[in-house]
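Asker: Can you read through this structure? Questions will come right after.
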Amino acid sequence: MLFIDSLFFAALFVIAVLLLILIIGFLYSIDWKEQHKKTVSRLPSHGDLNVPAMSICNIQAGDLCFRARVFNLQGKGDLIILLHGFPQTSISWEPFFEAAKTLDYKIIAFDQRGYSPNARPKGINAYTTKYLVNDLFAVADSIGIEQFHLAGHDWGSAIGWAAVMSKPDRILSWSALSVPHPLAFFGSLRSNKEQQKKSRYFIFLRMRWIPELVMTSLNLLFLRRWMYRWMPKKHQYEYLSVFSEFGALCAALNWYRAMGKSEKFSYEPIINLPVLFIWGNRDPAVAKASVELQDQYIQGPYKKIEMNAGHWLLERRTEEVIEAMLTHINHVSKDSDT
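In my numbering, the protein residues as written are 3 to 340.
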């Protein structure tokens, strides 16, 4: 009995020491000067821009102000809105801006709720699907555009599907990367063992405080080593600048914690507009069964591309992904003009 008690207290001591190390590492790693937020606050409003080149600006949408990359807002072509995933920002879409620079599209990629320092409300309930979808349409409304092409990766894909289901009349075309239709994904999650295994990380990310401590400590070592090693250095620098600020990672993780929260959100699961879906068959987060299940929810023009790749399609299959997206968007735009 004495031996068991000794092991118990030894384990408690080790846990306490590890927790203390994490807390100290967290406090040491935080950018208390909020350099990124100060830089964002000095950005011009999108209404002050009148240049065709890509620019970084602020877009006021309702009570929130979103940091955004924009291109050719004065152009005559359709608008394309790009949604990033976790844990990234709009910079992940820079290769798309580069590829589309000779075209006349208007393009917006904005740092979504929680990622933009001036669009970071407190509380888990502020990050349910309803609010994230409303942000998307509020951004489009702020520049006076009713219909637009939409694309998203990872969580950006999840929110894009919800937007397409809730207001399909406002979407010209939809391009989803990595994450399939939510009803297909969660249907597979309930019954498919492979998807259940691949989604175990949800348990960790939905915990309170622990993920923030682990992922921020030691100068964001977890993110740098396990999440960002595939990313360009320029992208890594931006991501680390964002998530080194107090509250930023918590807000991003609240997207996971808000899953399943009760909310009034009406949608039509069957999609009739043009859909492009690209996924990697080595994606550690998405099972093939989830992708196959989504076919029943799409009745409009539909192209599905399977790549021998993992999750980070924009970084690992850049040219192939963007070429497929632009072909899809160009085709829909051409049809809408005739």
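Every residue, glycine too, gets a C-beta built ideally from N, C-alpha and C.
In angstroms, rounded to a whole number, what distance separates the CA positions of residue 292 and residue 127?
Answerer: Stepping through the sequence shown from its first residue, residue 292 is reached at position 290. Stepping through the sequence shown from its first residue, residue 127 is reached at position 125. For residue 292 and residue 127, the distance between alpha carbons rounds to 27 Å.
Asker: Taking the runs of the beta strand (DSSP E) that are 3 residues or longer, which of them lie wholly in the stretch 150 to 214?
Answerer: The stretch 150 to 214 contains these whole beta strand (DSSP E) runs: 150 to 155 and 173 to 179.
Asker: Put residue 34 into one of helix, strand or coil per three-state DSSP.
Answerer: For the purposes of this step, residue 34 is taken as the residue at position 32 of the sequence shown. In the structure shown, residue 34 sits in coil (DSSP, three-state: anything other than H, G, I, E or B).
Asker: Taking all protein chains shown into account, do 16 or more other C-beta atoms lie within 10 angstroms of the C-beta of residue 43, making it buried, or fewer, making it exposed?
Answerer: By one-based count along the sequence shown, residue 43 stands at place 41. Exposed, by the Cβ-count rule.
Asker: Buried or exposed, going by whether 16 or more other CB atoms sit within 10 Å of the CB of residue 78?
Answerer: As a working note, residue 78 is residue 76 in the sequence shown. Exposed, since its Cβ has fewer than 16 Cβ neighbours within 10 Å.
Asker: When DSSP labels each residue in this structure, what does residue 94 get in the three-state scheme?
Answerer: Here residue 94 refers to the residue found at position 92 of the sequence shown. Three-state DSSP puts residue 94 in a helix.
Asker: Is it right to say residue 324 is buried, meaning 16 or more other beta carbons lie within 10 angstroms of its own, or is it exposed?
Answerer: The residue you call residue 324 lines up with position 322 of the sequence shown. So residue 324 ends up on the buried side.
Asker: Residue 76: buried (16+ other C-beta within 10 angstroms of its C-beta) or exposed?
Answerer: Locating residue 76 in the sequence shown gives position 74, where the first residue counts as 1. When all chains shown are included, residue 76 counts as exposed.
Asker: How big is the Cα-Cα spacing for residue 262 and residue 204?
Answerer: Within the sequence shown, numbered from 1, the residue matching residue 262 stands at position 260. Within the sequence shown, numbered from 1, the residue matching residue 204 stands at position 202. Spanning the two alpha carbons is a distance of roughly 12 Å.
Asker: Would you report the Cα separation of residue 206 and residue 101, rounded to the nearest angstrom?
Answerer: For this step, residue 206 is matched to residue 204 along the sequence shown. For this step, residue 101 is matched to residue 99 along the sequence shown. About 37 Å.
Asker: In the DSSP assignment, the beta strand (DSSP E) including residue 69 goes from what residue to what residue?
Answerer: In the sequence shown, the residue the question calls residue 69 occupies position 67. Note, residue 69: beta strand (DSSP E), 66 to 73.
Asker: Let me know the secondary structure DSSP gives residue 306 once reduced to three states.
Answerer: Counting from one through the sequence shown, the residue named residue 306 turns up at place 304. Strand, per DSSP.
Asker: May I ask you to report which of helix, strand or coil DSSP gives residue 282?
Answerer: Start at 1 with the first residue of the sequence shown, and residue 282 comes out as number 280. Residue 282: strand per DSSP, three-state reduction.
Asker: Please say whether residue 315 and residue 193 have beta carbons closer to each other than 8 Å?
Answerer: By 1-based counting over the sequence shown, the position of residue 193 is 191. By 1-based counting over the sequence shown, the position of residue 315 is 313. No, the pair does not count as a contact, with Cβ atoms beyond the cut-off.
Asker: Identify which residue in 134, 108 and 26 has its Cα closest to the Cα of residue 64.
Answerer: Position 62 of the sequence shown, counted from the start, is the residue given in the question as residue 64. If we check each option's Cα against that of residue 64, 134 comes out closest.
Asker: Could you give the residue range of the alpha helix (DSSP H) that holds residue 142?
Answerer: Within the sequence shown, numbered from 1, the residue matching residue 142 stands at position 140. Segment 131 to 144, the alpha helix (DSSP H) holding residue 142.
Asker: Helix or strand or just coil, what does DSSP make of residue 288?
Answerer: Residue 288 sits at position 286 when you count from the first residue of the sequence shown. Here residue 288 sits in coil by DSSP.
Asker: For residue 49, count neighbouring C-beta atoms within 10 Å of its own C-beta (all shown protein chains included) and say buried if the count is 16 or more, exposed if not.
Answerer: The residue you call residue 49 lines up with position 47 of the sequence shown. Burial call: exposed.
Asker: Look at the alpha carbon of residue 218 and the alpha carbon of residue 74, and state the distance between them as a whole number of angstroms.
Answerer: Working through the sequence shown from its first residue, we reach residue 218 at position 216. Working through the sequence shown from its first residue, we reach residue 74 at position 72. So the two alpha carbons sit approximately 36 Å from each other.
Asker: Helix, strand or coil for residue 99, going by three-state DSSP, please let me know.
Answerer: Translated into the one-based positions of the sequence shown, residue 99 becomes position 97. In the structure shown, residue 99 sits in a helix (DSSP, three-state: H, G or I).
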